[in-house]
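A short worksheet on the structure shown next.
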Amino acid sequence: GAGVSQSPSNKVTEKGKDVELRCDPISGHTALYWYRQSLGQGLEFLIYFQGNSAPDKSGLPSDRFSAERTGGSVSTLTIQRTQQEDSAVYLCASSLNMLETQYFGPGTRLLVL
Amino acid sequence: RKEVEQDPGPFNVPEGATVAFNCTYSNSASQSFFWYRQDCRKEPKLLMSVYSSGNEDGRFTAQLNRASQYISLLIRDSKLSDSATYLCVVNKGYSTLTFGKGTMLLVSP
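Note that the protein sequences, when read in sequence, are chains A and U.
Letter by letter, the first sequence follows residues 674 to 786 of this note's numbering.
Letter by letter, the second sequence follows residues 39 to 147 of this note's numbering.
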């Protein structure tokens, strides 16, 4: 079946602009995660959605970052007023529930000039 | 102590060698453990789950030591295609999973 998909695959933007990154999880997966990975670094947890529960936003680095998940499926990560340090690969993952295997999408490579 | 700690490597080994990685975790209440593999510029992919009794999948063996709070991954008969970064993943109690920063393995001819 279809895996996790993300769009766009690459995004180049200018400092100060807003960007939206999209994630389509595997159908039926109730848990959805956003991570970011800077070059040569580990995965940094950003935010987590589980069903209809309030999201765990504890990993968001600043109030410029926000995410929503509509209808328990597609999720959008928004970064407002982008900064150069936001440049990274943004990875989305989904799982059947919060303790099950996470399946990752291919990521969105964001470059802020 | 970091939540999940791994030696970043790189581990340089010749083809056919046996190599082992350890990963320590800080939360004694952790229940779920995994090893993921990440190839350069690719997303992480599940390699194997780690069970209390230990488990084996072909050339790969994973073990859990709860008393010392570490998990291990043993790779036998290394192949060139095993070159990747291996991520240790632990759940934070009843919350989300925490990824280690990974151990890089380079297998040479």
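By construction, the Cβ of each residue, glycine as well, lies at the ideal position given by its N, Cα and C atoms.
In this text the structure is predicted, and so the values were computed from the model without any measurement.
CB contact check: residue i to chain A, cutoff 9 Å
| i | result |
| --- | --- |
| residue 72 (chain U) | yes |
| residue 50 (chain U) | no |
| residue 136 (chain U) | yes |
| residue 87 (chain U) | yes |
| residue 143 (chain U) | no |
| residue 69 (chain U) | yes |
| residue 102 (chain U) | no |
| residue 125 (chain U) | yes |
Simplified DSSP state of residue i, which is helix, strand or coil
| i | result |
| --- | --- |
| residue 119 (chain U) | helix |
| residue 759 (chain A) | helix |
| residue 134 (chain U) | coil |
| residue 56 (chain U) | coil |
| residue 62 (chain U) | strand |
| residue 83 (chain U) | strand |
| residue 89 (chain U) | coil |
| residue 129 (chain U) | strand |
| residue 44 (chain U) | strand |
| residue 771 (chain A) | coil |
| residue 69 (chain U) | coil |
| residue 691 (chain A) | coil |
Within-9 Å CB hit, residue i to chain U
| i | result |
| --- | --- |
| residue 745 (chain A) | no |
| residue 729 (chain A) | yes |
| residue 764 (chain A) | yes |
Chain-order list of residues whose beta-carbon lies under 6 Å from that of residue i (same chain, five-residue window excluded)
| i | result |
| --- | --- |
| residue 706 (chain A) | 721 and 766 |
| residue 739 (chain A) | 751 |
| residue 87 (chain U) | 72 |
| residue 782 (chain A) | 683 and 762 |
| residue 90 (chain U) | 102 |
Where residue i meets chain B, residues with beta-carbon distance less than 9 Å
| i | result |
| --- | --- |
| residue 718 (chain A) | This model lacks chain B altogether, as its protein chains are A and U. |
Listed by chain order, chain A residues near residue i by CB distance under 7 Å
| i | result |
| --- | --- |
| residue 140 (chain U) | 715 |
| residue 84 (chain U) | 774 |
| residue 129 (chain U) | 772 |
Within chain U, the residues that residue i reaches when beta carbons sit closer than 8 Å
| i | result |
| --- | --- |
| residue 780 (chain A) | 81 |
| residue 722 (chain A) | Within 8 Å Cβ-Cβ: nothing; residue 722 (chain A) doesn't reach chain U, min ~10 Å. |
| residue 777 (chain A) | 81, 82 and 83 |
Own chain, CB closer than 7 Å to residue i, minus 5 neighbours either side, in chain order
| i | result |
| --- | --- |
| residue 780 (chain A) | 679, 762, 763 and 764 |
| residue 126 (chain U) | 42, 44, 61, 73, 109 and 138 |
Same chain, Cβ closer than 8 Å to residue i, neighbours up to 5 away in sequence not counted
| i | result |
| --- | --- |
| residue 773 (chain A) | 704 |
| residue 699 (chain A) | 674, 675, 676, 677, 767 and 776 |
Any non-hydrogen atom of the ligand FMN within 8 Å of residue i CB
| i | result |
| --- | --- |
| residue 786 (chain A) | Inclusion of the ligand FMN in the displayed structure is not the case, the ligand content being empty and no account of it being possible. |
Discussion item. Extract the residue ranges of the beta strand (DSSP E) inside the segment 694-768 of chain A, only unbroken runs of 3 or more that lie entirely within it.
Written reply: 704-710, 717-723, 738-742, 748-752 and 761-768
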